[in-house]
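Residue numbers (the numbering used here): 278 to 619.
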């Protein structure tokens, strides 16, 4: 049995919690035994709104041990790993503390506020001999996994052009409004846009350079709308955009359009479609589960089976933060091209 402690029951923490409850009901070897949040209301199932739909399932029936302090939880429980779903500015310190106390760590994205802090997390993982994985959920999302396979096996040739977008309303629901404080979240660029930065890194590797146009709309929040061009030696055109000021009835959306030499793969609100140049287009069959479910199972099974983390290596997710830092620098310089070291 893999015993887990979940730290943080806010919007994304609730998503993790519901997937653990599902895994318990499925009678897997993954057992969430303890939950921790500084806000006692979260332990009662009272969750803020967010851009991911969750239910208000009564967690009391599962008998989780409840804590409002991580140190107490670590001292009181014998855990195989800790799942950290806390605000970004706490990721590095809390992850290092958990590894120091003998726990593997699954940590929400983004890895940390800076690449330097990411490196400290990696060094702690090596020092204490504990697995570390960042929950970059799109690496486990079926539609993105399909795209990854198309890129790797070149079934439609090489990529010539790629576009990614996500956006929604301003996240005014976070605990103590941390998401709208640049020093705690990194703004839209590091909190939300980071999904597509990571996807581009995962699909194509580190770009040679980036150029970013971005705007600050909400006082103190950092950049709220972002558009980045990524430069690769083969000349493919790659762009990613994000905007978390889409109010009214917009809701939330994530899409991509990737064009290959012999076809294109498109994700819209209707789902994934594939359009070969010389054949009839089709909708591929995909696993219906979201990436959150798959990432939790992947990490727990890596611990249980003593296998390495391959899909989301911490060194790779650190590179994602390096790219994001270059984007911030470019935006600060009004879109100047910023080179990245490989």
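Heads up, the beta-carbon is just placed ideally off N, CA and C, and yes, glycines get one too. Source: prediction; values computed, not measured.
For this session: Locate the beta strand (DSSP E) running through residue 280, then write down its first and last residues.
Result: 279 to 284
Problem set entry | First and last residue of the uninterrupted beta strand (DSSP E) at residue 419 | Unbroken run through residue 419 is the alpha helix (DSSP H), 419 to 430; no beta strand (DSSP E).
Exercise. Cα-Cα, which of 385, 455, 533 is closest to residue 421?
Worked result: 533
For this session: Using the DSSP secondary-structure output, state which residues sit across from residue 518 in a beta bridge.
Result: 442, 504
Exercise. Closest by CA to residue 583, which one among 381, 301, 451?
Worked result: 381
Problem set entry | Residue span of the alpha helix (DSSP H) that contains residue 590, given as start and end | Here residue 590 belongs to no alpha helix (DSSP H), and DSSP marks it neither H nor E.
Exercise. Cα-Cα, which of 400, 409, 364, 359 is closest to residue 585?
Worked result: 409
Exercise. For residue 572 versus residue 412, is the C-beta spacing smaller than 7 Å?
Worked result: yes
Exercise. Taking the Cβ atom as the reference point for each residue, do residue 503 and residue 472 lie within a distance shorter than 7 Å?
Worked result: no
Exercise. When the Cβ atoms of the segment 296 to 316 are set against those of the segment 560 to 576, are three or more pairs found closer than 8 Å?
Worked result: yes
Problem set entry | residue 560 - DSSP class collapsed to helix/strand/coil | coil
Exercise. Which residue comes first and which comes last in the alpha helix (DSSP H) that contains residue 577?
Worked result: 568 to 582
Problem set entry | residue 303 in three-state terms, based on DSSP | coil
Exercise. Given residue 561, which residues of its chain have a CB within under 7 Å of its CB, disregarding the five upstream and five downstream residues?
Worked result: 423, 549, 551
For this session: Going by CA-CA distance only, name the one from 484, 376, 523 that's closest to residue 511.
Result: 484
Exercise. Applying the criterion that 16 or more other CB atoms from any shown protein chain within 10 Å of the CB defines a buried residue, is residue 240 buried or exposed?
Worked result: This structure gives no information on residue 240, because the portion of the chain shown stretches from 278 to 619.
Exercise. How is the beta strand (DSSP E) around residue 543 delimited, first residue to last?
Worked result: 540 to 545
Problem set entry | Buried or exposed (CB count within 10 angstroms, at least 16 for buried), residue 611 | exposed
For this session: Tell me, please, which residues DSSP counts as bridged to residue 405.
Result: None; residue 405 has no bridge partner.
Exercise. Hey, would you say residue 433 sits closer than 7 Å to residue 558, going by beta carbons?
Worked result: no
Problem set entry | Inter-residue spacing [alpha-carbon to alpha-carbon] between residue 598 and residue 386 | 10 Å
For this session: List the endpoints of the continuous beta strand (DSSP E) containing residue 342.
Result: 342 to 344
Exercise. Across which residues does DSSP place residue 358 in a beta bridge pair?
Worked result: 281, 381
Exercise. Should residue 368 go down as buried or exposed, given a rule of 16 or more other Cβ atoms within 10 Å for buried?
Worked result: buried
Problem set entry | Between the CA atoms of residue 360 and residue 577 - distance to the nearest angstrom | 10 Å
Exercise. To the nearest whole angstrom, what separates the beta carbons of residue 287 and residue 452, a pair I think is in contact under 8 Å?
Worked result: 6 Å
For this session: Look at the alpha carbon of residue 349 and the alpha carbon of residue 307, and state the distance between them as a whole number of angstroms.
Result: 22 Å
Problem set entry | Inter-stretch contact at 8 Å, needing at least 3 Cβ pairs: the segment 443 to 458 / the segment 388 to 396 | no
Exercise. Considering only C-alpha positions, which residue in the set 454, 498, 509 is nearest to residue 478?
Worked result: 509
For this session: Starting from the C-beta of residue 399, find all residues in its chain whose C-beta is less than 6 Å away, skip the five residues before and the five after it, and write them out in chain order.
Result: 591
Problem set entry | C-beta atoms of residue 419 and residue 563 nearer than 7 Å | yes
For this session: Output the boundary residues of the alpha helix (DSSP H) element that contains residue 535.
Result: Not the alpha helix (DSSP H): residue 535 falls in the beta strand (DSSP E), residues 529 to 537.
For this session: Please report the residue range of the beta strand (DSSP E) in which residue 491 lies.
Result: 486 to 492
Problem set entry | Proximity below 7 Å, CB of residue 494 to CB of residue 357 | no
Problem set entry | Distance between residue 377 and residue 352 (C-alpha atoms, nearest Å) | 12 Å
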